[in-house]
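*Asks:* Structure incoming, see below.
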Amino acid sequence: FIFTFNFLNQHNLLKGNVCIIGDGKVNCVGGLLSINRNDIKIFSINLTEVLINDYLIIKNYNLLNDDSIIVVKSEKDLDSPNKKLFLIDASNVHLLKNKNINLFINIASMQEMTSEIIENYFQIIKSNRSFFYCCNREYKKLPGGEEIFFDEYPWGDCEKIVFEECLWHRKYYEFFPPF
981 FIFTFNFLNQ HNLLKGNVCI IGDGKVNCVG GLLSINRNDI KIFSINLTEV LINDYLIIKN
1041 YNLLNDDSII VVKSEKDLDS PNKKLFLIDA SNVHLLKNKN INLFINIASM QEMTSEIIEN
1101 YFQIIKSNRS FFYCCNREYK KLPGGEEIFF DEYPWGDCEK IVFEECLWHR KYYEFFPPF
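As numbered in my numbering, residues 981 to 1159 make up the sequence shown, in order.
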């Protein structure tokens, strides 16, 4: 993520309201918290069980105190002053429509969503007139048989930062040979 943060910082996008869609194990949230900038509010959308795990990691590593974190259950929770991190269950993502979010980030999790869910996220991103950093597989066949193609995401007039292969996500480790 350090390369991603460097890239986003070069484009002056790591400021204001930043939303991470489907962060895994506090990868992106943890990086944003470690930057420790007061001009960033973080909105993290995920499944409930992942958000619980994220919260426990944040607490275990003292990345943020409880006074700075809120679990969003209603729209009024988004207006909570002095909060740095807003944890949002994916079923409540609709609360983020038109909320002045500057940047949405999704790395390797839209490829796990159905096209209907992806369309819903794009509607929210577009309602905020946000930039969108999206780094996902070009193709994925879901367990139910639906095929997801990156080029067929509903880009429309979405503010893309770049549209090219991400150099630092070409290589990755696996838990099985050849690793």
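All C-beta atoms in this analysis are idealised placements derived from N, C-alpha and C, irrespective of residue type, glycine included. Since the structure is predicted, the reported quantities are computational estimates derived from the model, not experimental observations.
Using the rule of at least 16 other Cβ atoms within 10 Å of the residue's Cβ for burial, across every protein chain shown, is Gly1136 buried or exposed?
*Replies:* Within the sequence shown, the letter at position 156 stands for residue 1136. With fewer than 16 other Cβ atoms within 10 Å, it is exposed.
*Asks:* Shortest alpha-carbon distance to Tyr1133 belongs to which of Pro1123, Phe1112, Gly1125, Gly1124?
*Replies:* Taking the sequence shown and counting its residues from 1, one reaches residue 1133 at position 153. Among Pro1123, Phe1112, Gly1125, Gly1124, the Cα nearest to that of Tyr1133 belongs to Phe1112.
*Asks:* Using a Cβ-Cβ cutoff of less than 7 Å, which residues in the same chain neighbour Val1051 once the five nearest sequence positions on both sides are dropped?
*Replies:* Mapped onto the sequence shown, residue 1051 falls at position 71. Within the same chain, Val1051 has close Cβ partners Leu1067.
*Asks:* Assuming Ile1081 is part of the alpha helix (DSSP H), what are its boundary residues?
*Replies:* In the sequence shown, the residue the question calls residue 1081 occupies position 101. No alpha helix (DSSP H) holds Ile1081; DSSP gives it neither H nor E.
*Asks:* If I measure Cβ to Cβ from Gly996 and keep anything under 6 Å in the same chain, skipping five residues before and after, which residues do I get?
*Replies:* Translated into positions along the sequence shown, residue 996 becomes position 16. Counting only Cβ-Cβ distances below 6 Å, and skipping sequence neighbours, we find Asn1082.
*Asks:* For Tyr1101, does the three-state DSSP call read helix, strand or coil?
*Replies:* Counting from 1 along the sequence shown, the entry for residue 1101 is found at position 121. In this structure, Tyr1101 counts as helix in the three-state DSSP scheme.
*Asks:* Looking at Glu1126 and the ligand SAM, is the gap between the Cβ and the nearest heavy atom below 7 Å?
*Replies:* In the structure shown, the ligand SAM is absent, as is every other ligand, since no ligand is present at all.
*Asks:* Under the rule that 16 or more other beta-carbon atoms within 10 Å means buried, what is Lys1121, buried or exposed?
*Replies:* Residue mapping note: residue 1121 aligns to position 141 of the sequence shown, counting from 1. Classification of Lys1121: exposed, given that the 10 Å Cβ count is below 16.
*Asks:* Can you tell me whether Lys962 is buried or exposed, with buried defined as 16 or more other CB within 10 angstroms of its CB?
*Replies:* Missing from the structure shown is residue 962; the chain here goes from 981 to 1159 and no further.
*Asks:* Using the rule of at least 16 other Cβ atoms within 10 Å of the residue's Cβ for burial, across every protein chain shown, is Tyr1101 buried or exposed?
*Replies:* To locate residue 1101, count along the sequence shown from 1; it is residue 121. Result: buried.
*Asks:* Alpha carbon to alpha carbon, what distance is there between Ile1104 and Asn1072?
*Replies:* For this step, residue 1072 is matched to residue 92 along the sequence shown. For this step, residue 1104 is matched to residue 124 along the sequence shown. Asn1072 and Ile1104: Cα-Cα distance of roughly 12 Å.
*Asks:* What do you reckon, are the CB atoms on Asn1062 and Asn1108 nearer than 8 Å?
*Replies:* To locate residue 1062, count along the sequence shown from 1; it is residue 82. To locate residue 1108, count along the sequence shown from 1; it is residue 128. In this structure, Asn1108 does not lie closer than 8 Å to Asn1062 by Cβ.
*Asks:* Where does the unbroken beta strand (DSSP E) through Asp1069 begin, and where does it stop?
*Replies:* On the sequence shown, residue 1069 is found 89 positions in, with the first residue counted as 1. Run containing Asp1069: 1065 to 1069, per the beta strand (DSSP E) assignment.
*Asks:* Scan the region 983 to 1039 and note each continuous alpha helix (DSSP H) run of 4 residues or more that stays entirely inside, going in chain order.
*Replies:* List check, alpha helix (DSSP H) in window: 1007 to 1015.
*Asks:* Report yes if the CB atom of Tyr1119 is closer than 8 Å to the CB atom of Glu1126, and no otherwise.
*Replies:* The residue given as residue 1119 occupies position 139 in the sequence shown. The residue given as residue 1126 occupies position 146 in the sequence shown. Not in contact: Tyr1119 and Glu1126 (Cβ atoms no closer than 8 Å).
*Asks:* Rounded to the nearest angstrom, what separates Asp1131 and Asp1069 at their Cα positions?
*Replies:* The residue you call residue 1131 lines up with position 151 of the sequence shown. The residue you call residue 1069 lines up with position 89 of the sequence shown. Approximately 27 Å between the Cα atoms of the pair.
*Asks:* Apart from the five residues just before and just after Leu1044, which ones in its own chain have a Cβ nearer than 8 Å to its Cβ?
*Replies:* As a first step, residue 1044 is located in the sequence shown; it is residue number 64 there, counting from the start. Hits under 8 Å: Leu1013, Ile1038, Lys1064, Leu1065.
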